[in-house]
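Q: Mapped onto my numbering, the consecutive letters of the sequence shown carry residue numbers 14 to 183.
All residues carry an ideal CB built from backbone N, CA and C; glycine is no exception.
Okay, here's the structure, questions in a sec.
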Amino acid sequence: MTEAANSSELRTRTHTWQPPRPWSELGPSSGMELLQGILKQEIPEPPIAGTLGFHLVEVGEGTAAFEGDPGEHLLNPMGSVHGGFVATLLDSALGSAIATLLPQGRAYTTMQLNVHMVRPVFATTPRLRCEATTVHLGRTTATAEARLLGTTDGRLYAHATTTCAVFATG
């Protein structure tokens, strides 16, 4: 057993968030305007960001980037960071890349997420950066691709693709 497994020391992780507001309540805005509002801290970030410890850091036309810090609180029984953290980071960047191209009155939801993890993430792995690019935006579906990289070493940890449903809001 590891030293941490033998330790009776309890750890606490606390985070706060603002209640989420539906996109439709934020006034007339495109996906790009919504994400820029989050970056400028004019619109609260989604609660999942604080829960898992990752944040939107950049948006462009058809692109989005998130950064997240692995940690002990994300470990699975095998001692590596749970794949759900990696998948959620990828899914967030992929969907946001698509959102940057959506006009007012249109939204998306993930229909399919394909994740390929190529190296393990540990609690001690430095900050990760997920960069996503929209590949296709149609009337009812959109696709995007992303790569999860180490910010200090540039190593590839995972890559993914998504298909999202695009629909009218309201």
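Return the Cβ separation of Thr113 and Ala136 in integer angstroms, given the expectation that the two are a contact with Cβ distance under 8 Å.
A: Rounded, the Cβ-Cβ distance is 32 Å, inconsistent with contact.
Q: Go ahead and pull the three-state DSSP assignment for Val131.
A: In this structure, Val131 counts as coil in the three-state DSSP scheme.
Q: Could you spell out where the beta strand (DSSP E) holding Val179 opens and where it closes?
A: Residues 169–181.
Q: Closer than 6 Å by C-beta to Leu115: which residues in its own chain qualify, once you throw out the five before and the five after it? Chain order, please.
A: Cβ neighbours of Leu115 beyond the five flanking positions: Gly44.
Q: Give every residue of the same chain whose Cβ lies closer than 8 Å to the Cβ of Pro33, excluding the five residues on either side of it in the sequence, and list them in chain order.
A: Excluding positions up to five away in sequence, the list reads Pro57, Pro59, Pro60.
Q: Does the contact criterion of 3 or more C-beta pairs under 8 Å hold for the segment 85–99 versus the segment 147–157?
A: No, the segment 85–99 is not in contact with the segment 147–157.
Q: Pick out whichever of Gly63, Gln49, Ser42 has its Cα sitting closest to the Cα of Thr27.
A: Considering only alpha carbons, the answer is Gly63.
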